[in-house]
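Chemist: Below is one structure. I have some questions about it.
Right under this line is the structure:
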């Protein structure tokens, strides 16, 4: 019996940390062992390029998997370079010693060296699921084979063994199942298939396993169950191909298969970049939003691969929130990974790639808008809200990049309810127009009925219709577009009419100070001011707001949790149409019947609240007043 040796680090604590702390998900053990096997095949193939006597045919290189439920073992076999006794000691007897890393360092200036392993700890991830590991290996150029075996922190043994061919076989003896951990799941063929497809689908060598399948009997309609060796991985990543060699059907099939969507993507973006950061990216803009997209349960992020091996299923740092709907993957050998290869170190390459991806998505969306407006509008129906959030979020950091991607309904496109971009709005502004006008409401039809909207449209100006809760917050964050300020038509900032008309209106308001004071008193502080206006068209009354908080913004804040009780209030102004007969009636009542003036004021205020989509605090009182007048 071979003498048990201690790990050269002489640290049980370090190995315990390797097994129990570094890796988040136990299932990645198979990814690590397959990656190590792939490295061994790469090393042998690389040596064969200069040592032709080795007679290596790349087509014969492969990784074989096997499971045995009776013995509770998983076996990973490769016909790669194998290991000598010294390499066994150095690579498996010394924790955090990586033969792959040394090989990569020695050959870093040579082309086609793409070794995955870096840290020499991936092998030990197998102890998360196994209580004993046996390695049988025979190095290239040697007739001797060696057996390395360990049960974990207590040490390992190395003794002579036998193996017909060069290469390495690793056998994991799985731990017994517990109430919390079902290690036996890794003995199921479907689970092995799933893990290979998830993490190692693009390893460049075939990963094979004998599996149970069914086939039609010859000369019969019946089926029989057989066992046959199948290749579990696809090997050639689609994103590694030249985009000119990939059909749209291939892209669509890949997307639907990998991202479980039954619809074709709206847009496919294939990127192959070199320079400050070298990477390939395959990105897809879905045709519709997932059911949970606008909830806290949705997790954004791109799949991250390093040399064809999936490192992270959702890398959120590669994509900004406003493009969180984009699905796809990025593959790069330039990334600095942490020791477990599960997370990224936040380095310069990552930031460079994220910035470039953001820019590329933006450019492709602009191209889609200009080349296929119908497709873009369909996309905007699904994800436009997220772009608007992008204008507003992070204190408007991305507003300049996104402002030409957002669209709104408008008064000129009201009947067919088409979208309008800010650029399109500006392109048809009359020379006399000094601001970009907008109004907010629940629907396009309701906004169109607002008195101020009727007045602005009557002056020949287009009005943007803002129907999403985030719209006005986003517009206020933009503040202006190409030097034109945004103006809510339902605020005191609306400035229509000639200088002479404005001067006449100012005098009318000054002369009606007593009337307005009486009306304010009747409303008991509900409004900050009452005034005449010339912005209501044919309507008698409406509400406007003063300050930064509009009526619609107050409504939105009120919808938030706890918002109804604690929400900020808009500063309201009751506006009376100076040219409407009701204005003459109010002036007369101010002279003859202050009590009746108060009743009229309450009715007009209630009417104005209804027009602006607000509730009435005391509808019974208003009903009684109306009945009294009748």
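Numbering (the numbering used here), first residue to last: 1351 to 1980.
Here a beta-carbon is modelled for each residue, glycine too, at the ideal position from N, C-alpha and C.
(1) In this structure, does DSSP put residue 1977 in helix, strand or coil?
(2) Which residues does DSSP list as the beta-bridge partners of residue 1355?
(3) Take the Cβ of residue 1441 as the centre, count every other Cβ of all protein chains shown within 10 Å, and call the residue buried at 16 or more, exposed below.
(4) How many Å lie between residue 1460 and residue 1488 at the Cα?
(5) Which same chain residues, not among the five before or five after residue 1566, have their C-beta less than 6 angstroms away from its C-beta?
(6) How should residue 1405 be labelled, buried or exposed, when 16 other C-beta atoms within 10 angstroms of its C-beta is the threshold for buried?
(7) If we require 4 or more residues per run, which alpha helix (DSSP H) segments fall completely within the region 1678-1738?
(8) Taking all protein chains shown into account, decide if residue 1748 is buried (16 or more other Cβ within 10 angstroms of its Cβ) or exposed.
(9) Please confirm whether residue 1969 and residue 1892 have their CB atoms less than 8 angstroms apart.
(10) Would you say the region 1550-1558 touches the region 1514-1530, given that touching needs at least three Cβ pairs under 8 angstroms?
(11) Can you grab the Cα-Cα spacing for the pair residue 1544 / residue 1533, in whole Å?
(12) How would you label residue 1941, buried or exposed, when you count the other beta carbons within 10 angstroms and need 16 or more for buried?
(13) Does the region 1898-1907 come close enough to the region 1917-1925 that 3 or more CB-CB pairs lie under 8 angstroms?
(14) When you compare only the Cα positions, how much space is there between residue 1763 and residue 1756?
(15) Comparing C-alpha positions only, which one of 1885, 1473, 1397 and 1419 sits nearest to residue 1381?
(16) Go through its chain and collect everything with a Cβ distance to residue 1485's Cβ below 6 angstroms, but skip five positions before and after it.
(17) With DSSP as the reference, label residue 1968 as helix, strand or coil.
(18) Which full runs of the beta strand (DSSP E) of 3+ residues lie inside the region 1561-1625, going along the chain?
(19) Between the Cα of residue 1733 and those of 1807, 1818, 1703 and 1683, spot the shortest distance and give me the residue it belongs to.
(20) With residue 1538 as the anchor, note down where its beta strand (DSSP E) starts and where it stops.
(21) So who's on the other strand from residue 1834, going by DSSP bridges?
(22) What residues in its chain sit with their C-beta under 7 angstroms from that of residue 1642, if we drop five residues either side in the sequence?
(23) Output the boundary residues of the alpha helix (DSSP H) element that contains residue 1388.
(24) So is residue 1670 buried or exposed if we call it buried at 16+ other beta carbons inside 10 Å?
(25) Among 1791, 1638, 1960 and 1609, which residue has its Cα nearest to the Cα of residue 1816?
(26) Over what stretch of residues does the alpha helix (DSSP H) that includes residue 1951 continue unbroken?
(27) Where do the N-terminal and C-terminal ends of the beta strand (DSSP E) with residue 1517 fall, by residue?
(28) Using the rule of at least 16 other Cβ atoms within 10 Å of the residue's Cβ for burial, across every protein chain shown, is residue 1890 buried or exposed?
(29) For the alpha helix (DSSP H) containing residue 1797, list its first residue and its last residue.
(30) Work out the CA separation of residue 1414 and residue 1396 for me, nearest whole Å.
(31) Under the three-state reduction of DSSP, which class applies to residue 1893: helix, strand or coil?
(32) Determine the contact status of residue 1322 and residue 1424, defining contact as a CB-CB distance below 8 angstroms.
(33) How should residue 1777 be labelled, buried or exposed, when 16 other C-beta atoms within 10 angstroms of its C-beta is the threshold for buried?
Modeler: On the basis of the data shown:
(1) helix
(2) 1506
(3) buried
(4) Only weak support is given to the placement of residue 1460: the predicted model assigns it a pLDDT of 47, under 50, and the value that follows is read from those uncertain coordinates. Their Cα atoms are separated by approximately 26 angstroms.
(5) 1573
(6) exposed
(7) 1698-1721
(8) buried
(9) no
(10) no
(11) 15 angstroms
(12) exposed
(13) yes
(14) 16 angstroms
(15) 1473
(16) 1498 and 1520
(17) coil
(18) 1573-1581 and 1617-1623
(19) 1818
(20) Taken as a continuous stretch (DSSP letters only), residue 1538 belongs to no beta strand (DSSP E), as it is neither H nor E.
(21) 1831
(22) 1648
(23) 1379-1400
(24) buried
(25) 1791
(26) 1944-1961
(27) 1517-1524
(28) buried
(29) 1794-1798
(30) 21 angstroms
(31) strand
(32) The displayed coordinates of the chain run from 1351 to 1980. Any statement about residue 1322 would go beyond what the structure contains.
(33) exposed
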